[in-house]
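Enquirer: Residue numbers (mature numbering (1 follows the signal peptide of the UniProt record, and there is no 0)): -22 to -1, 1 to 249.
Got a structure here, written out as structure tokens. Questions coming.
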């Protein structure tokens, strides 16, 4: 009986632990994987959950609007599908900071996306590059010119001129971090994009959050995660409670019999 009671107690504790488990961390993925886009391009944004998907993650953004910051969910400016979002036709007004967020305010890494209403953009990684890895920056054109030669700038200074329109850094390090842009002699210059470098991680799938700008602090909102946890707790209790009730009834039934056997007079055993 003690073993059964211990088993039911363990089941109950496991149910409680599962019910109050904290939401998972997530990363925002951008497809195509770059931070600059031409006008009228398609962009897909998705929240990749690193562990069990318990909390509900959604894509949100903060875009400057007439000098003010405007934070909105995907349903306002794109097509939402669970934890992903699609912009079918990008416009310069889509330029801003994008990230994943739960209703309780947990946030993922943030990605700066720039939509350029011009003929030249810089194709660079949207997420930080791991130190020691190779990275290629490309000057991308709406209409491919006969001459692909492009100048590449870092923090406003010319650092390289490439006839292929591509510049490769064979092994990036922290000193390579900065704002990069490219310029074509006939078509003009691209906007700047930040190249972030992160230290190598011992984990197999390192989180790309360390070198990215932090999203704005969320305003206080009602948290559906709380109600989800409460409902999960109630369901867990409903699953475990029948075992506890049965155990309690068995103990009640056996207790009077044990008491009766202990109170039997010794004379009753005499022949």
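Heads up, the beta-carbon is just placed ideally off N, CA and C, and yes, glycines get one too.
(1) Around the Cβ of residue 159, are there at least 16 other Cβ atoms within 10 angstroms (buried) or fewer (exposed)?
(2) Per DSSP, residue 5 is paired with what?
(3) Does residue 149 pass the burial test, meaning 16 or more other C-beta atoms within 10 Å, or should it be called exposed?
(4) Suppose contacts are defined by Cβ-Cβ distances below 7 Å. Is residue 142 in contact with residue 126 by that definition?
(5) At the level of alpha carbons, what is the spacing between residue 157 and residue 80?
(6) Rounded to whole angstroms, what is the Cα-Cα separation between residue 54 and residue 115?
(7) For residue 13 and residue 132, what's the separation of their Cα atoms in angstroms?
(8) Tell me, to the nearest whole angstrom, how far the beta carbon of residue 37 is from that of residue 25; I am working on the premise that it is less than 8 Å.
(9) Which residue wins for smallest C-alpha separation from residue 100, given the options 41, 6, 172, 21?
(10) Could you give the DSSP three-state label for residue 81: helix, strand or coil?
(11) Does the beta-carbon distance from residue 21 to residue 68 come in below 7 Å?
(12) Between residue 259 and residue 130, what straight-line distance do the alpha-carbon atoms span, to the nearest angstrom?
(13) In chain order, which continuous runs of the alpha helix (DSSP H) of length 4 or greater are located wholly inside the stretch 57 to 133?
(14) Quickly, what does DSSP pair residue 157 with across the bridge? List them, please.
(15) Please report how far the alpha carbon of residue 178 lies from the alpha carbon of residue 43, in whole angstroms.
(16) Please go through the same chain and pick out, in chain order, the residues whose beta-carbon is closer than 7 Å to the beta-carbon of residue 266, but skip the five residues on each side of it.
(17) On a CA-only basis, which of 70, 49, 139, 155 is nearest residue 16? Give me that one, please.
(18) So which of 88, 90, 10, 140 has the shortest CA-CA distance to residue 64?
(19) Hey, out of 19, 155, 140, whose CA is closest to residue 66's CA?
(20) From this set, 3, 113, 49, 50, which residue's C-alpha is nearest residue 151's C-alpha?
(21) Taking residue 38 as part of the beta strand (DSSP E), name the residues at either end of that continuous run.
(22) Using DSSP with H/G/I as helix, E/B as strand and the rest coil, what is residue 54?
(23) Smallest Cα separation from residue 176: which of 111, 49, 86?
(24) Nearest by alpha-carbon distance to residue 23: which of 47, 82, 90, 48 is it?
(25) How should residue 93 be labelled, buried or exposed, when 16 other C-beta atoms within 10 angstroms of its C-beta is the threshold for buried?
Expert: According to the structure shown:
(1) Numbered from its first residue, the chain shown carries residue 159 at position 181. So residue 159 counts as buried.
(2) As a position in the chain shown, residue 5 is number 27, starting the count at 1. In DSSP, residue 5 forms a bridge with 26.
(3) As a first step, residue 149 is located in the chain shown; it is residue number 171 there, counting from the start. In the assembly as shown, residue 149 is an exposed residue. Its beta-carbon has fewer than 16 other beta-carbons within 10 Å.
(4) Residue mapping note: residue 142 aligns to position 164 of the chain shown, counting from 1. Residue mapping note: residue 126 aligns to position 148 of the chain shown, counting from 1. Less than 7 Å divides the Cβ of residue 142 from the Cβ of residue 126.
(5) On the chain shown, residue 157 is found 179 positions in, with the first residue counted as 1. On the chain shown, residue 80 is found 102 positions in, with the first residue counted as 1. Taking the straight line joining both Cα atoms gives about 30 Å.
(6) Indexing the chain shown from 1 puts residue 54 at position 76. Indexing the chain shown from 1 puts residue 115 at position 137. Roughly 32 Å between the two C-alpha positions.
(7) What you label residue 13 is simply residue 35 of the chain shown in a count that begins at 1. What you label residue 132 is simply residue 154 of the chain shown in a count that begins at 1. In this structure, the straight-line span from the alpha carbon of residue 13 to that of residue 132 is close to 16 Å.
(8) Counted from its first residue, the chain shown places residue 37 at position 59. Counted from its first residue, the chain shown places residue 25 at position 47. Between residue 25 and residue 37 the Cβ distance is about 6 Å, and since that is below 8 Å, they are a contact.
(9) Stepping through the chain shown from its first residue, residue 100 is reached at position 122. Selected option, being the one with the closest Cα: 172.
(10) Residue numbering aside, residue 81 sits at position 103 when the chain shown is read from its first letter. Shown here, residue 81 sits in coil according to DSSP, grouped into three states, outside any helix or strand.
(11) Numbered from its first residue, the chain shown carries residue 21 at position 43. Numbered from its first residue, the chain shown carries residue 68 at position 90. Residue 68 is positioned such that its CB atom lies closer than 7 Å to that of residue 21.
(12) The chain is shown from -22 up to 249; residue 259 falls before or after that span and cannot be answered.
(13) Whole alpha helix (DSSP H) segments, 4+ residues: zero.
(14) Position 179 of the chain shown, counting from 1, holds the residue named residue 157. Residue 157 pairs with 172.
(15) Here residue 178 is taken as the residue at index 200 of the chain shown, counted from 1. Here residue 43 is taken as the residue at index 65 of the chain shown, counted from 1. Answer to the nearest angstrom: the Cα atoms are 37 Å apart.
(16) Absent from the structure is residue 266, since the part of the chain shown begins at -22 and ends at 249.
(17) Taking the first residue of the chain shown as 1, we reach residue 16 at position 38. Of 70, 49, 139, 155, the residue nearest in Cα terms is 70.
(18) As a position in the chain shown, residue 64 is number 86, starting the count at 1. For residue 64, the closest C-alpha among the options 88, 90, 10, 140 is that of 10.
(19) Here the question's residue 66 lines up with position 88 in the chain shown. Of the residues 19, 155, 140, the one whose Cα lies closest to the Cα of residue 66 is 19.
(20) As a first step, residue 151 is located in the chain shown; it is residue number 173 there, counting from the start. Taking only the C-alpha atoms, the option nearest residue 151 is 113.
(21) By one-based count along the chain shown, residue 38 stands at place 60. Per DSSP, residue 38 belongs to the beta strand (DSSP E) from 35 to 43.
(22) By 1-based counting over the chain shown, the position of residue 54 is 76. Judged by DSSP in its simplified three-state form, residue 54 adopts helix.
(23) As a position in the chain shown, residue 176 is number 198, starting the count at 1. 111 is the residue among 111, 49, 86 whose C-alpha sits nearest the C-alpha of residue 176.
(24) On the chain shown, position 45 is the one that residue 23 refers to. Cα-wise, what sits closest to residue 23 is 90.
(25) Here residue 93 refers to the residue found at position 115 when the chain shown is read from its first residue. In the assembly as shown, residue 93 is a buried residue. Its beta-carbon has 16 or more other beta-carbons within 10 Å.
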